[in-house]
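Participant: Note that the sequence shown ends on residue 228 in the working numbering; no numbers are left out. I'd like to ask you about the structure that follows.
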Amino acid sequence: MTAARRHHGPPSLSDRLRHMQAMTRPLMLDIIAHACRRFPSLGPSERTARIMRLIDVEAWADATLALVELELPLWQVRRIAYDEGEWHCALSRERELPDWLDAAVEASHVDLSLALLSAFIEVEALALEVSRPSVPTVRPASDPLYEPVGCENFG
74 MTAARRHHGP PSLSDRLRHM QAMTRPLMLD IIAHACRRFP SLGPSERTAR
124 IMRLIDVEAW ADATLALVEL ELPLWQVRRI AYDEGEWHCA LSRERELPDW
174 LDAAVEASHV DLSLALLSAF IEVEALALEV SRPSVPTVRP ASDPLYEPVG
224 CENFG
């Protein structure tokens, strides 16, 4: 993990999003720079250009949905709901399953785009946790004098 990803990792981005009142261009670009893996690797493509155009016109919810589509191709929006002054967003890998069977990632915020982006960051954090093993693996040093021997006696 790079130093930039550790410093601006998904947990700190989640905290920043939780305390933001509205989406801004610098915040969106910071999230793309520090939390997205596919966006920088694609370079200037049609999909990245579309996201940048949406950011330029401040279509935050559309830009976030396009970013989810690009970065998390196996995930889909399961639910977007507005209740008691907050937007609630759920992303899921299996949205056709009943709610009680689905392991959706949910987030909420007073701003729709920040609710969507918060769910996106939560999925990214989940993906980082899953990709790291709990115990690092170390390959044993191969000894040039080591030779396996069969020791079964069938006689």
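Beta carbons: idealized from backbone N, C-alpha and C, even for Gly.
#1: May I ask you to list the residues that DSSP assigns as paired with Ile153?
#2: The beta strand (DSSP E) with Ser181 in it runs from where to where?
#3: Helix, strand or coil: which one does DSSP assign to Ala76?
#4: Please go through the region 101-129 and give each complete beta strand (DSSP E) segment of 3 or more residues, from N-terminal end onward.
#5: Going straight from the alpha carbon of Asp172 to that of Glu131, what length do you get?
#6: What does the alpha-carbon distance come out to for the pair Glu144 and Arg151?
#7: Could you check how far apart the C-beta atoms of Arg166 and Leu147 are, in whole angstroms? I think they sit under 8 Å.
#8: One question on the structure: do Leu185 and Leu90 come within less than 7 Å of each other, judged by their Cβ atoms?
Facilitator: So, from the data block:
#1: Cys162
#2: Val178 to His182
#3: Annotation note: pLDDT 36 at Ala76 (below 50); position unreliable, no value reported.
#4: none
#5: 32 Å
#6: 16 Å
#7: 5 Å
#8: no
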